[in-house]
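Take a look at the structure set out below.
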Amino acid sequence: MTAMDVMSLFFILLVGIVVLVIAVVFVIDISQTRHAIRRNYPVIGRFRYLFEHLGEFFRQYFFAMDREELPFNRALRTWVYRAAKNLSNTRAFGSTRDLTEPGSVIFVNCAFPKLEEDAVMPQPLVIGPDCKQPYETDSLVNVSGMSYGALSRPAVLALSRGAYRAGCWMNTGEGGLSPWHLEGGADLVFQIGTAKYGVRDQAGQLDDEKLREMAAHPQVRMFEIKLSQGAKPGKGGMLPAAKVTQEIAQIRGIPAFKDSI
């Protein structure tokens, strides 16, 4: 018997096994009453479940658009993958977002912008127009409240200098007014929180004299009263004694090296 004969017999045997398996599956499908598709379409009806299972993977890589999947579409996943690898997440030339949906933010390009001498300067924002000393500013984007103590001296100084150069104001946060807020030269908003740091007396009550001292600083242009805070890290509204250095205590008006609750 030659090799060709052996291969022919093997092929015939293989075909016979396939036909036998199909016949057995056909009998099983036509006899069962649990699945209508398999009963009406024996053997080939099983491919429906296979394609249904494979469809999830085909849709993910071939057919689904970048922003169709839930809860995390391909665009979001790609952003996370690239951020995790410290790669650039900035892509040019268009967007995969549906910009026709109401509420979409679109920056309209101006092909022929006005010349500077023809442009109308925006009117300054006046805060407290009925006050004795109203505050006028052209800036709508400013530095929000972050306390000295929570931020380091270089951080506060950098923010203050940056705000001065940008022409915007800086919020001191509820930790009081530090020399580093003033050194940068920016306009300041003094924030008065529930602890009244920087304008409190020994009993923790508002000290009118300290409040006047703060208002006397030329850079302190406004006061902000913070009624409450939605979230507090750690143990809540508490400054541990280890963080209450002599400098922090002097700025905030509290005893040094004691918990401030």
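Mapping of the sequence shown onto our numbering: position 236 corresponds to residue 329, and the numbering continues sequentially without gaps.
Every residue gets a Cβ at the ideal spot worked out from N, C-alpha and C, and that includes glycine.
A quick note: this is a predicted structure, and the numbers were derived from the prediction, not measured.
query                                                                                                                                                                                   : result
Give every residue of the same chain whose Cβ lies closer than 6 Å to the Cβ of ALA279, excluding the five residues on either side of it in the sequence, and list them in chain order. : SER253, ALA256, TYR257, MET263
Could you tell me whether any Cβ in chain B is nearer than 8 Å to the Cβ of LEU180?                                                                                                     : No chain B appears in this structure, which consists of one protein chain only.
Ordered along the chain, which non-local residues of its own chain (more than five positions away) have a Cβ less than 7 Å from that of PRO227?                                         : VAL219, ILE220, GLY221
The beta strand (DSSP E) with ILE199 in it runs from where to where?                                                                                                                    : Premise fails: ILE199 is in no beta strand (DSSP E) and is neither H nor E.
In terms of residue numbering, what span does the beta strand (DSSP E) encompassing TYR290 cover?                                                                                       : Per DSSP, TYR290 belongs to no beta strand (DSSP E) and is neither H nor E.
From the DSSP output, in three-state form, read off ILE130 for me.                                                                                                                      : helix
Please determine, among LEU244, SER240, PRO272, the residue with the shortest C-alpha to C-alpha distance to ALA288.                                                                    : SER240
Since ARG293 and ASP300 should fall inside the 8 Å C-beta cutoff, what is the C-beta to C-beta distance between them, to a whole number of angstroms?                                   : 6 Å
Measuring CA to CA, which of PRO206, ARG167, ALA204 is closest to ARG190?                                                                                                               : ARG167
List the DSSP bridge partners of THR230.                                                                                                                                                : LEU218
Spatial neighbours of TYR154 within its chain, please: CB distance less than 8 Å, with the 5 preceding and 5 following residues excluded, ordered by chain position.                    : none
Output needed for GLU267: all residues of its chain with C-beta closer than 8 Å, excluding positions within five of it in sequence on either side, in chain order.                      : GLY238, SER240, GLN284, ILE285, GLY286, THR287, ALA288, TYR290, LYS319
Between VAL198, PRO348, TRP172, which lies nearest to GLN339 when the distance is taken from Cα to Cα?                                                                                  : PRO348
Below 8 Å on the Cβ atoms is my contact criterion, and I expect GLY260 with SER232 to pass it. Report the Cβ-Cβ distance as a whole number of Å.                                        : 6 Å
Three-state secondary structure (DSSP) at ILE285?                                                                                                                                       : strand
Would you kindly report the start and end of the unbroken beta strand (DSSP E) that includes VAL337?                                                                                    : First-last for VAL337: undefined, no H or E at that position.
Just tell me which of ALA96, ARG314, LEU244, MET331 has its CA closest to the CA of GLN322.                                                                                             : MET331
Just curious, the beta strand (DSSP E) that MET315 is in, first and last residue?                                                                                                       : 313–318
Quick check on DSSP: helix, strand or coil for LEU192?                                                                                                                                  : coil
Pull the bridge partners of ASP211 from the DSSP assignment, please.                                                                                                                    : In the DSSP output, where bridge partners are listed per residue, ASP211 has none listed.
For TRP172, count neighbouring Cβ atoms within 10 angstroms of its own Cβ and tell me buried if that reaches 16, exposed if not.                                                        : exposed
Starting from MET263, follow the beta strand (DSSP E) in both directions and report where the run begins and ends.                                                                      : 262–264
Can you tell me whether SER249 is helix, strand or coil according to DSSP?                                                                                                              : For the record, residue 249 in the displayed sequence is Val; it is not Ser. In this structure, VAL249 counts as helix in the three-state DSSP scheme.
Put SER237 into one of helix, strand or coil per three-state DSSP.                                                                                                                      : coil
For TRP102 and ALA176, what's the separation of their Cα atoms in angstroms?                                                                                                            : The displayed chain sequence assigns Leu, not Trp, to residue 102. One C-alpha to the other measures close to 59 Å.
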